[in-house]
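>
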Amino acid sequence: MQIKVSVPSPEDASAPHPLMTVREAAKALRVSEMTVRRAIHDRSMPAVVVGRAYRVPRTFVTGLLDAADGGQTTVAAELAPTSAGHSA
C-alpha cells in the first residue's frame, strides 16, 4: 500500500507539518500524552510510526476538532481508518 504525504515546501515554512507529535496532538485535544498513546495502541487513533516515535495525522486531529465545533459528540475510534497493515 502506498501512502502519499504532502510535506510543506521550504518556501511555505509557515504551513503546519501534516504530522503531529504525540505531545502536539495531546495539547490540541487537551488530553494527556498517555491518552493519545493509548488511543494509538488500541487503534482508535491513526498514527505513523517512525522508529520508536509516533506521529498523528494533523487531518485526523483537526477532523475531531471540526466535528466538535460543529456540535457533534465525536468518538475518535469512529473516525479512525481501519487498515489491516496498521501496526502500532
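The UniProt record's numbering applies: residue 1 is where the sequence shown begins, and numbers increase by one. Where a beta carbon is used, it is the ideal one built from N, C-alpha and C, also for glycine.
Measuring alpha carbon to alpha carbon, tell me which residue in Glu24, His17 and Leu29 is nearest Asp66.
Closest by alpha carbon: Leu29.
> First and last residue of the alpha helix (DSSP H) that includes Arg58?
Start and end: Arg58 to Asp69.
> With DSSP as the reference, identify every bridge partner of Ala53, one or two as the case may be.
Note: Ala53 sits in a beta bridge opposite Val50.
> Can you list, in chain order, the residues of its chain with a C-beta nearer than 7 Å to that of Ala80? Leave out the 5 residues immediately preceding and following it.
So the qualifying residues of the chain are Arg43, Ser44, Met45 and Pro46.
> Beta-carbon separation of Val22 and Tyr54 under 7 Å?
In contact: Val22 and Tyr54 (Cβ atoms closer than 7 Å).
> Please report the straight-line C-alpha distance between Gln72 and Lys27, rounded to a whole angstrom.
So the two alpha carbons sit approximately 20 Å from each other.
> Assuming Met20 is part of the beta strand (DSSP E), what are its boundary residues?
Start and end: Leu19 to Thr21.
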